[in-house]
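Trainee: Throughout, the working numbering is defined as the position within the sequence shown, counted from one, plus 51.
One structure, as structure tokens, below. Some questions next.
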Amino acid sequence: TTAGSPGFNQMVSKCFPPAFIFWPEIAFFVLEKLKIMKLSEGLPVNSSEVKNILFDWGGVITDLHVDAVIRAFDRLGHNRFAEAFGQDAETNGFLQFETGRLTDREFLQFLHRHLPAGVTDRQILDAWNTILGDLPAERWHILSEVRKHYHTFLLSNTNSLHVAYYAGKILDQYGHNGFGHLFEKVYYSHLLGMRKPDREIYEFVLRDSRLEPGETLFIDDNSENTDAARAMGIQTCLLTPPLTLKDIFC
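Written as structure tokens, this is what we have:
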């Protein structure tokens, strides 16, 4: 329905005083703001059972720029960053940092060992944070609206440096210290000491927030993570291009 169409005018006449008929653009704006944002029809989930939504952070809420962080460390002289960043091994410093087994200082020292002398901590931090993109206003609005109709939670494989950096970024952009206020609870891998797709992290979240798997929808951009959640009875949505959050909620 578009502003000024017969159907729109009929809807406005039921919802607003007669004066609004002469200002269809204003009425359309108001109706958009009042619109209930819920799961879209056609998703491969049982939406009528969903009461809880568990969001991933990077790749779902915030764009991830993996190529940018690789280029940034290449410029600093870390010629094997892409290989090291992609390793899935217990001895991988990136995974250790992501599960809280390295402090910020220890992680910086880990990176310094692979970089030329003279590279500063500030240069490393700036390069490390290039992986995190913006949080567009449209997604901020979606998260703000969805929490009015569902119990919302955040589950992210992340680290203390990225969380601190992004809290400042959101404070500058939206006036909030991070986006924790958009969720009933936030679960970060580095604070839990576990990470996706390990079964234990899903078990912990379900138990800690007293969630029923079948009533919970998990949205993530990594198929390994959604497969692991689905194996536990959690409803899932794999968010990969061209699908966006705007397509999931309406």
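Glycine residues also receive a C-beta, built at the ideal position from the N, C-alpha and C atoms.
Fair warning: this is a prediction, and the values are worked out from it, not measured in the lab.
Within its chain, find whatever has a CB closer than 8 Å to the CB of residue 300; leave out the 5 residues flanking it on each side and keep chain order.
Mentor: Translated into the one-based positions of the sequence shown, residue 300 becomes position 249. Hits under 8 Å: 88, 89, 90, 91, 193, 196, 197.
Trainee: Only counting the same chain, and skipping five residues up and downstream in sequence, which positions put a Cβ closer than 7 Å to that of residue 178?
Mentor: Along the sequence shown, read from residue 1 onward, the residue named residue 178 stands at position 127. The answer, listed in chain order, is 120, 123, 124, 127.
Trainee: From residue 163 to residue 131, what distance separates their C-alpha atoms?
Mentor: Here the question's residue 163 lines up with position 112 in the sequence shown. Here the question's residue 131 lines up with position 80 in the sequence shown. Straight-line Cα distance between these residues: approximately 13 Å.
Trainee: Under 7 Å Cβ to Cβ from residue 153, same chain only, skipping five residues before and after it: list those, please.
Mentor: Against the sequence shown, residue 153 aligns to sequence position 102. Within the same chain, residue 153 has close Cβ partners 144, 147, 161.
Trainee: Count the other CB atoms within 10 Å of the CB of residue 286; is the residue buried (16 or more) or exposed (fewer)?
Mentor: Locating residue 286 in the sequence shown gives position 235, counting from the first residue. Result: buried.
Trainee: Within this structure, are the beta carbons of residue 200 and residue 235 separated by less than 7 Å?
Mentor: Taking the first residue of the sequence shown as 1, we reach residue 200 at position 149. Taking the first residue of the sequence shown as 1, we reach residue 235 at position 184. No. Outside cutoff.
Trainee: Is the CB-CB distance between residue 272 and residue 111 below 7 Å?
Mentor: For this step, residue 272 is matched to residue 221 along the sequence shown. For this step, residue 111 is matched to residue 60 along the sequence shown. The answer is yes: Cβ separation under 7 Å.
Trainee: If distances are taken between C-alpha atoms only, which option among 93, 105, 96 comes closest to residue 303?
Mentor: Residue 303 is absent from the structure shown; the chain starts at 52 and stops at 301.
Trainee: Starting from residue 148, trace the alpha helix (DSSP H) both ways and give me its first and last residue.
Mentor: Taking the sequence shown and counting its residues from 1, the one referred to as residue 148 is at position 97. 144-149 is the extent of the alpha helix (DSSP H) around residue 148.
Trainee: May I ask which residues mark the beginning and end of the alpha helix (DSSP H) holding residue 104?
Mentor: The sequence position of residue 104 within the sequence shown is 53, counting from 1. Where residue 104 is concerned, there is no enclosing alpha helix (DSSP H), although the beta strand (DSSP E) it sits in stretches over 103-106.
Trainee: Between residue 18 and the rest of its own chain, which residues show a CB-CB distance below 8 Å, the 5 nearest in sequence each way excluded?
Mentor: Because the chain here runs from 52 to 301, residue 18 falls outside it and cannot be looked at.
Trainee: Would you identify the three-state DSSP class for residue 213, choosing helix, strand or coil?
Mentor: For this step, residue 213 is matched to residue 162 along the sequence shown. Three-state result, residue 213: helix.
Trainee: Whole alpha helix (DSSP H) runs in the stretch 196-267 with 4 or more residues, listed along the chain?
Mentor: 211-225, 240-243, 250-259
Trainee: With 16 as the cutoff for other CB atoms within 10 Å, does residue 246 come out buried or exposed?
Mentor: Within the sequence shown, numbered from 1, the residue matching residue 246 stands at position 195. The residue in question, residue 246, is buried, as its Cβ has 16 or more Cβ neighbours within 10 Å.
Trainee: Can you find the residues in the same chain that come closer than 8 Å, C-beta to C-beta, to residue 267, ignoring five residues on each side of it along the sequence?
Mentor: Residue numbering aside, residue 267 sits at position 216 when the sequence shown is read from its first letter. 101, 102, 103, 104, 105, 257, 285, 286.
Trainee: Specify the secondary structure class of residue 289 as computed by DSSP and reduced to three states.
Mentor: What you label residue 289 is simply residue 238 of the sequence shown in a count that begins at 1. It is a strand residue.
Trainee: Grouping DSSP H, G and I as helix and E and B as strand, with all else coil, what is residue 186?
Mentor: Looking up residue 186 in the sequence shown gives position 135. Here residue 186 sits in coil by DSSP.
Trainee: Out of 186, 129, 241, 291, state which residue places its alpha-carbon closest to the alpha-carbon of residue 168.
Mentor: Within the sequence shown, residue 168 is the residue found at index 117, counting from 1. The option with the nearest alpha carbon to residue 168 is 129.
Trainee: Mind reading off the beta-carbon distance from residue 277 to residue 240? Whole number of angstroms is fine, and I expect it under 8 Å.
Mentor: On the sequence shown, position 226 is the one that residue 277 refers to. On the sequence shown, position 189 is the one that residue 240 refers to. Contact doesn't hold; Cβ gap of about 16 Å is too wide.
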